[in-house]
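Student: Input: one structure, supplied below.
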Amino acid sequence: MSTRSKGNIVGLKQSVLRRIQKLHDRRIGAREFVSPSFAVALQDAALVAGRRVGVLADRRGAVVDVVVGDATSLEPPADMRRRVGPGRLGGLRWVHVRLNGQGLTREDLSTLRLLSLDASVAVLAGDVGRMPRVEVAYLLPVNPQGRLWETLPGAHPAALDVRFDEILKDIEGQMGRDAAHLRNGPREGNRAKDAAILVLPVSGRVDVQWETGELRSLCHTADLAVADVVVQRRDRPDPRTLVGRGKLRELTMLGLQKGADLLVFGTALSPSQQRTVARETGVRVVDRNQLILDIFARHARSNEGRLQVELAQLSYNLPRLSEKDDAFSRLTGGIGALGPGETKLETERRRARDRIHLLKSRIKMLSAQRAGRRKRRIRRDVPLVALVGYTNAGKSTLFNTVTGATVPAANRLFATLDPTTRRVRFPNRRDFLLSDTVGFIRDLPDELVGSFRATLEEVETADLLVLVTDAADPHLDEQVSSVRRIIGELGLQDKPTVLALNKRDQVADPQELDHKIMLYGGIPVCGLEPGSLEPLVEKVLVLLGDQASTV
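Letter by letter, the sequence shown follows residues 565 to 1115 in the numbering used here.
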């Protein structure tokens, strides 16, 4: 006998199996959590089978799946859809029989959250043919008490004082308003594309406030609304998920309640870790490197910049190509092919490697053209000064003030991606070229360092570096250390460098500014005030060999 029921049906008598099969043809009710007649039918099927039985039902009351367990355990179908859009529940109720008289367990409530169920209904089995009592739980939107769900005391189905359709409408209405508010909150620019839960695994002595603030800034630049931040301290990260299975369940529940459909990790994830976390949570997962790559892709304007971003993204994604679906397991060998041919996964990897090779060739050609321009500059004896520094330190604003250019300058990370060079002229002084370069950030992804080698050549061939820092940033020391470390990794630690303490107007305490000047030996400036830049320009000219006494 064919059956549509799932689970542990082996060994059941045909009469019992037919009773279970008939559940598919019944309706559970659209207005109530479970109709009295269906509760009796489900209880009786479980009692005569001696096994727990559960059903998934849609909002119209139609039975979608019937699942059979054993006497003590029962799991919803593993292939059911786990998540839907923000502000929505899954559209399915899980109604299941408890043979031992026990009501809803913590595991039932966790399943309710993890699968975004409309409700979880436990039918407390009594005697065959007698009306059973039921216990009901449903999810709650964000609330001041921080409660994740509401449970109703055990009662007969007809005696429940809450209507399923009405409470569901109220819950989704509030969740929808919360999700819309999160995406339309106090932000610059357009509505946020997604809402994210930020996950920051830390160990040892780490400045959590700085790392959290930087991750928030990256999300803001990528037009992501931040629903919440979860910081987890572990002596040793979990090799499979970084944060552990229990924390993943917590993140999944938090994301549903906050209307977030994305997890953003504040550290790099290996391909296997990323796949495992996505599989366990049922939501999209992005690590810090991918987030930075996406920001670079949004800001690339020149042909060279776009090629470099594409190369970086392909280098990042190549090891992450896996058999995500059946399409990657099909064989692509055609008529007349010898052997099975390549799998689609292998074909995708080969195409990615071919594209990487092509992009590297094009970038190498552009790099040669750039080298030719540098040779002409050197022959003309025009020195090059490169602005370097932590992202969002104000390099572009300073560049515009000195050169009169109109490079886009915004209070966002990596607002400038493509390098811009302008000639700077002063009366009776030596001309020089000033280059605005891409901002640095701690732990810059290897894919970006490799792909943007041509862009970084502007820094490598500069005669002088101006290290621009944000003097008002409370984490100035980390900024300076990170930039100097990157400069060292590029082999440029011996190049003449001038430190500019930008945004001096935002330092409230003059004594604090004086302390930073003494500590770092920098020149305080304000990128928006031309007069404040005179000492910096004078220092640059002196180091370039121009000894005139006035600017």
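Using N, Cα and C, we set each Cβ at its ideal position, and we do this for glycine too.
#1: Between L857, L923, G823 and A723, which lies nearest to L875 when the distance is taken from Cα to Cα?
#2: Measuring CB to CB, does V793 end up less than 9 angstroms from D825?
#3: For G953, which beta-bridge partners are listed by DSSP?
#4: Out of curiosity, what's the CA-to-CA distance linking L878 and I927?
#5: Going by other Cβ atoms of all chains shown within 10 Å of its Cβ, with 16 needed for buried, is P983 buried or exposed?
#6: Any idea which residues DSSP pairs Q796 with across the strands?
#7: Spatial neighbours of Q1057 within its chain, please: CB distance less than 8 angstroms, with the 5 preceding and 5 following residues excluded, ordered by chain position.
#8: Quick check: the stretch 730-745 against the stretch 760-775, are at least 3 beta-carbon pairs closer than 8 angstroms?
#9: In this structure, how does DSSP classify E730 when only helix, strand and coil are distinguished?
#10: Beta carbon of P696, beta carbon of H660: below 9 angstroms?
#11: Which residue's Cα is closest to the Cα of L1083: G958, A1064 and A932?
#12: Spell out a yes or no on whether the stretch 598-605 and the stretch 684-695 are touching, meaning 3 or more CB-CB pairs, one atom from each, closer than 8 angstroms.
#13: Using a Cβ-Cβ cut-off of 8 angstroms (strictly less than) and excluding sequence neighbours within five positions of V698, which residues of its own chain qualify?
#14: Under the assumption that V628 contacts L620 (Cβ atoms under 8 angstroms), give the Cβ distance between them as a whole number of angstroms.
#15: Just checking, does the stretch 1089-1100 make contact with the stretch 956-968 on the three C-beta pairs under 8 angstroms criterion?
#16: Determine which residues share a DSSP beta bridge with E714 and list them.
#17: For R568 and L1008, I'd like the C-alpha separation in whole angstroms.
#18: In three-state terms, what does DSSP make of V580?
#19: Out of K822, T1025 and L679, which has the shortest C-alpha to C-alpha gap to R657?
#20: Less than 8 angstroms between the CB atoms is what I'm expecting for L1077 and G953, so what's the real figure, rounded?
#21: Out of V1106, I584, Q578 and D622, point me to the one whose CA is closest to D995's CA.
#22: So within the stretch 1054-1106, which uninterrupted beta strand (DSSP E) runs reach at least 3 residues, ignoring any that extend past its ends?
#23: Thinking C-beta only, is G625 closer than 9 angstroms to R591?
#24: According to DSSP, is H921 part of a helix, a strand, or is it coil?
#25: Enumerate in chain order the residues of its own chain whose CB-to-CB distance from D799 is below 8 angstroms, with the five nearest sequence positions on each side excluded.
#26: Mind checking V770: buried by the 16 CB within 10 Å criterion, or exposed?
#27: Out of E1042, P991, K1103 and R615, point me to the one whose CA is closest to Q772's CA.
#28: Helix, strand or coil: which one does DSSP assign to K570?
#29: Per DSSP, what kind of secondary structure is F996 in: helix, strand or coil?
#30: Beta strand (DSSP E) containing T984: first to last residue?
#31: Fully enclosed by the stretch 849-881, which alpha helix (DSSP H) runs are 4 residues long or longer?
#32: So G830 and R797 are supposed to be a Cβ contact under 8 angstroms. How far apart are they, rounded?
#33: Pick from R915, R615, S834 and N867: whose alpha carbon is nearest that of P883?
#34: Give me the Cα-Cα distance between P947 and G869, rounded to the nearest whole angstrom.
#35: Quick one: grab the DSSP three-state call for V966.
#36: Under 9 angstroms, do L827 and A786 count as touching if we go by C-beta distance?
Tutor: Taking the definition as stated:
#1: L923
#2: no
#3: V1032
#4: 14 angstroms
#5: With 16 or more other Cβ atoms within 10 Å, it is buried.
#6: P765
#7: R1048 and I1051
#8: no
#9: helix
#10: no
#11: A1064
#12: yes
#13: Cβ neighbours of V698 beyond the five flanking positions: F597, V598, A603, V685, A686, V687, L688, G718, A719, H720, P721 and L724.
#14: 5 angstroms
#15: yes
#16: Y702
#17: In a straight line, the C-alpha of R568 is about 53 angstroms away from that of L1008.
#18: helix
#19: L679
#20: Actually they do not touch by this definition, with Cβ atoms about 18 angstroms apart.
#21: Among V1106, I584, Q578 and D622, the Cα nearest to that of D995 belongs to V1106.
#22: 1061-1066
#23: yes
#24: helix
#25: S767
#26: exposed
#27: In the sequence as displayed, the identity of residue 772 is Val instead of Gln. Taking only the C-alpha atoms, the option nearest V772 is E1042.
#28: strand
#29: strand
#30: That run of the beta strand (DSSP E) goes T984 to V988.
#31: 852-863 and 867-881
#32: Contact flag wrong, Cβ pair sits at about 13 angstroms.
#33: S834
#34: 24 angstroms
#35: Assignment of V966 by DSSP, reduced to helix, strand and coil, places it in the helix class.
#36: no
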